[in-house]
Amino acid sequence: MKDTTELQRAVRNVGNIANLSTPLGLALAALSGARLHAVNGLIVADRARLPIVTASAITVGSVVVLPRARLDSVLERIPGLLSHEDRHAYQWAYCLGLPFIPAYLLAMGWSWLRTGDRASANFFEIQAGLELGGYTRRPRRPWDPGYWGRCSATQSLG
Ligand SMILES: [Zn+2]
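In terms of this note's numbering, the sequence shown is residues 22 to 179.
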């Protein structure tokens with residue numbers, strides 16, 4: 022081990038195998054016909070055939086699945102993506118695997134309510150670095166009880 026970061030990654034990766042999230046990520050990679058690469062302590066599965074997925078990447082355990090695109094073309098668009106996904110891999114580890122899924126969905130729903138965007142107020146995306154992940158931070162909606170009533174009134178007019 023060269024440094025503590027490498028040791029932390031190794032512990033994380035063993036944890037993500039034990040908590041079954043990395044095996045789940047590898048199953049997703051295999052089912053989607055992705056190509057596997059080892060990059061900085063992560064397994065990157067690019068060119069995955071996941072037709073309905075709109076995200077640039079999905080990290081499951083220590084496996085980063087890239088729908089349709091090649092790793093180099095994704096990194097040209099979002100240079101910080103692997104640093105962002107590396108932090109998601111730690112989140113899988115500290116959530117002990119599968120509990121990450123409902124926790125992430127709750128955080129995503131909260132973000133949607135607060136900003137109209139799935140990432141801008143999502144704890145996990147903020148912790149992973151919004152800009153690194155290619156997200157633009159949207160402002161939070163005001164805490165005004167009348168706000169939602171006005172929104173639905175506007176929508177029913179339109
Ligand atoms: Zn992310």
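For each residue, glycine too, the CB sits at the ideal point set by N, CA and C. In this text, all values refer to a predicted model and were calculated from it rather than measured experimentally.
Close beta carbons around residue i, own chain, < 6 Å, minus the five adjacent residues each side
i, result
"residue 53", "69, 70, 71"
"residue 146", "140"
"residue 25", "none"
"residue 58", "65"
"residue 144", "128"
"residue 154", "105"
"residue 119", "none"
"residue 164", "none"
"residue 46", "81, 82, 84"
Sequence-distant residues of the same chain with beta carbon closer than 7 Å to residue i, five excluded per side
i, result
"residue 106", "63, 78, 80, 85"
"residue 74", "88"
"residue 142", "131, 132, 135, 136, 161"
"residue 51", "none"
"residue 30", "62"
Nonlocal neighbours in the same chain, by C-beta distance under 8 Å from residue i, ignoring five residues either side
i, result
"residue 56", "66, 67, 68"
"residue 179", "With a pLDDT of 44 at residue 179, under the threshold of 50, the modelled position of that residue is not reliable, and the figure given next carries that caveat. Result list for residue 179: empty, nothing under 8 Å."
"residue 96", "102, 103"
"residue 148", "108, 112"
Inter-residue CB distance, residue i and residue j (contact presumed, cutoff 8 Å)
i, j, result
"residue 7", "residue 108", "Missing from the structure shown is residue 7; the chain here goes from 22 to 179 and no further."
"residue 216", "residue 137", "Outside the displayed span of the chain (22 to 179) sits residue 216, for which this structure offers no information."
"residue 33", "residue 83", "7 Å"
"residue 37", "residue 110", "7 Å"
"residue 60", "residue 102", "The pair is not a contact, with the Cβ atoms about 11 Å apart (cut-off 8 Å)."
"residue 40", "residue 117", "5 Å"
Where the alpha helix (DSSP H) through residue i begins and ends
i, result
"residue 149", "144-149"
"residue 26", "25-39"
"residue 98", "92-98"
"residue 180", "Since the first residue of the chain shown is 22 and the last is 179, residue 180 is not available in this structure."
"residue 128", "121-136"
"residue 108", "102-115"
In DSSP terms, what residue i is bridged to
i, result
"residue 67", "56"
"residue 80", "85"
Under a criterion of Cβ closer than 6 Å to any non-hydrogen atom of ligand 1, which residues qualify, in chain order? So the residues near ligand 1 by this Cβ test are 105, 109, 146, 149, 154.
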